[in-house]
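A short write-up of the structure that comes next.
2 protein chains.
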Amino acid sequence: MGDPMRGNIMQQPLLISSLLKHAERCHGDVAIVSRRVEPASGDARFHRYDWRALAARTRQLTNALAGLGVQRDDRVGTLAWNGYRHVELYYAVAGSGSIVHTINPRLFLEHIAWIINHAEDRVIFFDLDLAPLVSQLLPLCGGVRHWVLMSDEQTQPSVDIPHLLRYETLLQAERAQYDWPALDEDQAASLCYTSGTTGHPKGALYSHRSIVLQSYATAMPDVLGLSSRDVALPIVPMFHVNAWNLPYTAALVGFRLVLPGAQMDGASLSELFTREAVTFSAGVPTVWLALLKHAREHALKFPALRRCLVGGSALPRSLMEAFEAELGVRLQPSWGMTEMSPLGAVNSLKPKHDALPPAQRQRVELKAGRTPFGVAAKIIDDDGQELPRDGVTTGALMVQGPWIIDRYFKGETSPLVDGWLPTGDIATLDEDGFIDITDRAKDLIKSGGEWISSIELENIAMSHPAVAEAAVIAVAHPKWDERPLLVVVLRPGAQTRREQLLAHYAGRIAKWWVPDDVAFVAELPHTATGKLQKLKLREQFAAHRLPGVEYPA
Amino acid sequence: MGDPMRGNIMQQPLLISSLLKHAERCHGDVAIVSRRVEPASGDARFHRYDWRALAARTRQLTNALAGLGVQRDDRVGTLAWNGYRHVELYYAVAGSGSIVHTINPRLFLEHIAWIINHAEDRVIFFDLDLAPLVSQLLPLCGGVRHWVLMSDEQTQPSVDIPHLLRYETLLQAERAQYDWPALDEDQAASLCYTSGTTGHPKGALYSHRSIVLQSYATAMPDVLGLSSRDVALPIVPMFHVNAWNLPYTAALVGFRLVLPGAQMDGASLSELFTREAVTFSAGVPTVWLALLKHAREHALKFPALRRCLVGGSALPRSLMEAFEAELGVRLQPSWGMTEMSPLGAVNSLKPKHDALPPAQRQRVELKAGRTPFGVAAKIIDDDGQELPRDGVTTGALMVQGPWIIDRYFKGETSPLVDGWLPTGDIATLDEDGFIDITDRAKDLIKSGGEWISSIELENIAMSHPAVAEAAVIAVAHPKWDERPLLVVVLRPGAQTRREQLLAHYAGRIAKWWVPDDVAFVAELPHTATGKLQKLKLREQFAAHRLPGVEYPA
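Below, the structure is given as structure tokens:
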């Protein structure tokens, strides 16, 4: 047989420029509000315009990029917070056929330099407060042809940077006329490196198609449920997997976008939530803890706010309960990976769950979420055999879909197994598509041949009133191979003892799961994005000796 | 420059089988409820199962199709109402690489036969009550190899059909094991003919990609806003542009699907709305009029019902107001075409409209709708120049997008102009993407949501010996929205009566196409160049009252 018969449908590629054109045509007067990075006071602290103005400036920017010699496929790096110029870069760079490479400015200097050189960034745009970082990067990144300060001609950075270009100066010289090219939808659009795994950071290179498809999925009622009536504030940084795709979904849906700039503390966020009547937000648990603390101290409520998406780490039950009870806001767990662009699963209950007894319903509400159409998930055993989707059996979680990478940027080997990406998570799946992450494959504690979930032990510890933050890691045990050690940070002013914390587990968990010891620390090690660094913690406690245990000499 | 750099993303085609696999994996226990076409009483009038059972039977059906010799690209016809077996056919035929061709059983016999022969249908599946139609089609459609009654072995059709096959008998012989093939997403999946334009009916051949993309768009909050909490009843027939894509969107979202079988009268629909706590429905204005009448007569309310999508014809204000006031249900206008699969626009207000004075807001609420991402629209003047999107200027409406056809099935010429499809509608556009249809450029009458070709009716009238010139125009009808009025100029000396002219249509056209009335005039209005001025004629007969019809005061 020859080629199959094709549908008689227009060949219309899914492009990032199409998102922008749609926003300009149909949501032209919808606002994008940004907290400025440059010093300002009063209302001038906020920049405010609409998609029509954004689109015009974005076309000027494409002309400026061409003037800087940026060509198709060239990588253009950003060292920037969540703000309107960063959104313009998203659309201008990708829309014109180049690749926007968002860089996490909180990484170690050497990591950043390595990433810039590996990506071969030709131009780097950076926010004002990151000028000192840039001056340190200059000698390490010889391949970068232009460094562009995201500001106007008047603003002076705190350090001197030779041959510095300025964003507004570049734009002023350009016309707002530009015809977006008809690109191939599989063409590369954006690049994001993931750290935290072993070895060098690895790049995930997204395509126009993967971003547009994910934007559709993101907006759906059972996923983020975003409409033109929403006001969305992504706290998750735009350098962290495209702020979970929200700057793209905003153009598709036409919701109002509120961008917090460099200030992600509780007070600054509270101000924006109130000023802009934010209805939806997204960030890691650490951020919600800070917001809750600020709201408590100042007796604040956010009446417009309905839901906050929680990703990056598991959502502690105590935090979900506090948000619900004190702020009337649902914290909605989600799960994803840089390798998944990042949407993997979002927790939205089905009607069948409404009738469950509260405790059972809460168990569902705390799961990582369920997969939308576009993400296929399965769990497998050590032999690669698929395991039942019964909500009980745990296995290695594998994923497949049109916004999941099949290899890393410049990677020579494929990470896929039989066409599926191993996530490195251990999980259960149920018949509704809910994923329950029981542990990171490397975080599990294996005691006497049986698995113990450190996440579950951490959640119980977090429910103790004296505990601010908890981590459970495996420490060596001569008999059981590994045993759990609880490491805690106490709340300011709180007091407790080892025995009291361990007694807190009684009746909540099998006896053999109870940690063998408690270590009190002033703070736990985190990554730049707020993720707990278990590896570092395990190194720190590598020589820990459990009480009452005889160790071989 | 060589090929552009591609994103490192899995090649995962958008396939109809992926929708079904997702539904089986993540919505396996969600119900599909159908009113049976076969005679039954009590609860047995309803068939009830879930996506898991549907998927298993669909795989059996693919094996049965192979057994009937159906190969890739073959067209498989359906003459069927909205029911579970029809859904199985949607997924089995397209999922296995063939093309499901849904046929409107209400067309004129010769039209149906012409369509079947033009499509080259190899097998036709039909519902029990359509057996008499099939027995008339048999001698006209020699290319059809198998006729399959959608019923079990025991059920006897009212007429004898030689070599009749039965759906359930075919399924029983087959295994439920089947591996869905990895098709090209641009492959043809489904075929639907549109009547009403001049000449023969024309086929719109949809692809897997176009159907899946439209399913994403359909579900979004500002489009139909469908979640797993919805219970959706498509009254729009599955032979009418895939019931506006709802059987596909159901698999993607996991809402409950309620299918009304052959009974679309007010009483039958009321029963289903109540029994199944339907939250969302979709159909033409005629259906909503019938439902409203029944609800009034029996003092019914449908407390679960929130929104009903109205398509096919413009929504009369009085109907919208009555639904809102008496049933508390929002009738939501929408606009589309067979050529658009059919989603073009859905009316959902933006927050800025909330503050409008009631009369102005209502003017927006009655517009055809606004375009979702995936539909680009523009209006042009006679020279093809784009006109302003100001909500005032009218022009010829043109559309473009990844679920819009670029030619008709077996068509040799493209209907596109500069890559855009002319819709045949005259409309305004505004800055929010709202389309307001002001007139129709094409010579068509829309009766009960279906097209009637005025040209075809004129040609038949002209074939009557007494007629010198004939024009057919739409006049308003309280139930069917529009009905054809025949306006004739008699030949000098010729004599005839209304009844004789109408009798001339018998056997030449479907009964519901026959004009409702005849007006005799001395001459028809023409332009200087001799073109018939339909607009002037419509104005002339704007107040025409059809005999035997009750008009609201």
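If you read the protein sequences in the order shown, they are chains A and B. Using this note's numbering, the first residue of the first sequence is number 1, and each one after it goes up by one. Using this note's numbering, the first residue of the second sequence is number 1001, and each one after it goes up by one. Ideal placement from N, C-alpha and C gives every residue a C-beta, glycine not left out.
Subject >> Where C192/A falls: helix, strand or coil (DSSP) >> reply: strand
Original post:
Any beta-carbon of chain B closer than 9 Å to the one on G196/A?
Top reply: Only weak support exists for where G196/A lies, its pLDDT of 45 falling under 50; the value from the coordinates is given anyway. No, its Cβ sits nowhere closer than 9 Å to a Cβ of chain B.
**OP:** My understanding is that R1145/B touches N1063/B, with C-beta atoms under 8 Å, so please give their C-beta distance in whole angstroms.
**Re:** Actually they are not in contact, since the Cβ atoms of R1145/B and N1063/B sit about 17 Å apart, beyond 8 Å.
**OP:** Drop a sphere of 10 angstroms on the beta-carbon of H163/A, count the other beta-carbons inside from all chains shown, and report buried for 16 or more, exposed for fewer.
**Re:** exposed
Subject >> Near-chain B residues of the stretch 213-238 of chain A (beta-carbon distance less than 7 Å), N- to C-terminal order >> reply: Y216, A217, A219, M220, P221, D222, G225, L226, S227, S228, R229
Subject >> Counted within 10 angstroms of its Cβ, other Cβ atoms place R57/A as buried (16 or more) or exposed >> reply: buried
Original post:
Whose CA, out of P139/A, G395/A, T338/A, D418/A, lies closest to the CA of F409/A?
Top reply: T338/A
Original post:
Taking any Cβ of chain B, which residues in the stretch 323-352 of chain A have a Cβ under 9 Å from it, in chain order?
Top reply: S341, S348, L349, K350, P351, K352
**OP:** Give the DSSP bridge partners of T1249/B, in chain order.
**Re:** T1249/B pairs with nothing; no bridge assigned.
**OP:** Assign E1365/B to one of two classes, buried (16 or more other C-beta atoms within 10 Å of its C-beta) or exposed (fewer than that).
**Re:** buried
**OP:** Establish whether the CB of G1548/B and some CB of chain A are separated by less than 9 Å.
**Re:** no
**OP:** Verify whether the separation of the beta carbon atoms of A427/A and L397/A is less than 9 Å.
**Re:** yes
Subject >> chain A contact residues for H1569/B, given Cβ-Cβ distances below 7 Å >> reply: The structure shown does not extend to residue 1569/B, since chain B spans only 1001 to 1553, so no value can be given for it.
Original post:
What is the residue span of the alpha helix (DSSP H) that C1026/B lies within?
Top reply: 1016-1026
**OP:** Would you give the residue range spanned by the beta strand (DSSP E) that S34/A belongs to?
**Re:** 31-35
Original post:
Of the choices W512/A, P484/A, R491/A, L490/A, whose alpha-carbon is the least far from that of K534/A?
Top reply: P484/A
Original post:
Does I445/A have its Cβ less than 9 Å from a Cβ in chain B?
Top reply: no
**OP:** Pull up the DSSP beta-bridge partners for G1336/B, would you.
**Re:** L1343/B
**OP:** Starting from W1147/B, follow the beta strand (DSSP E) in both directions and report where the run begins and ends.
**Re:** 1146-1149
**OP:** Evaluate the contact criterion for the stretch 1427-1440 of chain B versus the stretch 1225-1234 of chain B: three or more CB pairs, one atom per stretch, below 8 Å.
**Re:** no
Original post:
Checking contacts by CB at 9 Å: is E1120/B closer than that to chain A?
Top reply: no
**OP:** Specify the secondary structure class of A1494/B as computed by DSSP and reduced to three states.
**Re:** coil
**OP:** Starting from E469/A, follow its DSSP beta bridges and name the residues at the other end.
**Re:** V489/A
Original post:
For T496/A, which of P201/A, I452/A, P465/A has the nearest alpha-carbon?
Top reply: P465/A
Original post:
Is the beta carbon of H1027/B sitting closer than 9 Å to the one on A1251/B?
Top reply: yes
**OP:** Could you check which residue in P525/A, R256/A, T423/A has the C-alpha nearest to that of A471/A?
**Re:** P525/A
**OP:** Tell me whether K202/A sits in a helix, a strand or coil according to DSSP, three-state version.
**Re:** strand
Original post:
Among residues of its own chain, excluding the 5 on either side of T1274/B, which ones have a beta-carbon nearer than 8 Å to its beta-carbon?
Top reply: L1300, F1302
Original post:
Span of the alpha helix (DSSP H) holding T1169/B?
Top reply: 1167-1172
**OP:** Report the neighbours of P4/A on chain B: residues whose CB is nearer than 8 Å to its CB, in chain order.
**Re:** R1072, D1073, G1097, L1183, D1184, Q1187, A1188
Original post:
In whole angstroms, what is the alpha-carbon distance linking W1147/B and Q1154/B?
Top reply: 17 Å
**OP:** Check H298/A in the structure and name its three-state DSSP category.
**Re:** coil
**OP:** May I ask you to list, following chain order, the residues of the stretch 1246-1264 of chain B that have a beta carbon less than 7 Å from some beta carbon of chain A?
**Re:** L1252, V1253
Original post:
Hey, would you say I460/A sits closer than 9 Å to D439/A, going by beta carbons?
Top reply: no
**OP:** Can you tell me which of H1101/B, D1029/B, L1128/B puts its alpha carbon nearest to the alpha carbon of P1039/B?
**Re:** L1128/B
**OP:** Any chance you could list the alpha helix (DSSP H) runs of at least 4 consecutive residues sitting entirely within the stretch 260-288 of chain A, in chain order?
**Re:** 266-275
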